[in-house]
Amino acid sequence: MINPPRSSTPISELAELSSREIQLFEPPADALYTIEATSRIVDVPRHTILVYCKYRLLSPAPTAADHGYYFNGNAVRTLRRIEALRTVCGDDLAGIKIILDLTAALERLRSDIRLLSRTKGADSWEKNDNEASPASPRRREVKSNYRKKKK
Numbered sequence: 006m007i008n009p010p011r012s013s014t015p016i017s018e019l020a021e022l023s024s025r026e027i028q029l030f031e032p033p034a035d036a037l038y039t040i041e042a043t044s045r046i047v048d049v050p051r052h053t054i055l056v057y058c059k060y061r062l063l064s065p066a067p068t069a070a071d072h073g074y075y076f077n078g079n080a081v082r083t084l085r086r087i088e089a090l091r092t093v094c095g096d097d098l099a100g101i102k103i104i105l106d107l108t109a110a111l112e113r114l115r116s117d118i119r120l121l122s123r124t125k126g127a128d129s130w131e132k133n134d135n136e137a138s139p140a141s142p143r144r145r146e147v148k149s150n151y152r153k154k155k156k
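If you read the sequence shown in my numbering, its first letter stands for residue 6, the second for the next number, and so on.
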């Protein structure tokens, strides 16, 4: 029987080792990168980036330059997300586009909820929970049509 190796490293050294891990590069929001630089940052071939642009999975930053593709920090993050989805979905670019669109819609909804919760205030939400109003309808119990199987 093979016994798993036991670590004799103290916990304090493990915490120190994890702090020395290589951090993923997070580009600044206002930075612009050429297609070559973006290709190196994300480790994706230029041709693949151009295919993503063709299928509208990724869009280059609008620039005053007449030649070349430039990408901002959000495009770099989107490119990483696309590559992560490709490991799950394979080469189904239409499926990846749907997932990206749904994720963007979800983020917009979350930001709307945050904005509404800030403008409404906590007191008015608690007040609406006790009253039946169109803003916060009471929960109704759903009757189940589940039938028990006969033995």
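Cβ atoms here follow ideal geometry from the backbone N, Cα and C, with glycine treated the same way.
{"query": "Enumerate in chain order the residues of its own chain whose CB-to-CB distance from ARG91 is below 8 Å, with the five nearest sequence positions on each side excluded.", "result": "ILE101"}
{"query": "May I have the straight-line CA-CA distance separating ASP117 from ASN79, to the nearest angstrom?", "result": "20 Å"}
{"query": "Rounded to whole angstroms, what is the Cα-Cα separation between ILE54 and LEU121?", "result": "37 Å"}
{"query": "Answer with buried or exposed for PRO33, where buried requires no fewer than 16 other C-beta atoms within 10 angstroms of its C-beta.", "result": "exposed"}
{"query": "Roughly how many angstroms lie between the CA atoms of VAL56 and LYS125, to the nearest whole one?", "result": "45 Å"}
{"query": "Within the same chain, show all residues whose beta-carbon is closer than 7 Å to that of ALA66, passing over the 5 residues directly before and after it, in chain order.", "result": "LEU37, TYR75, PHE76, ASN77, ALA80"}
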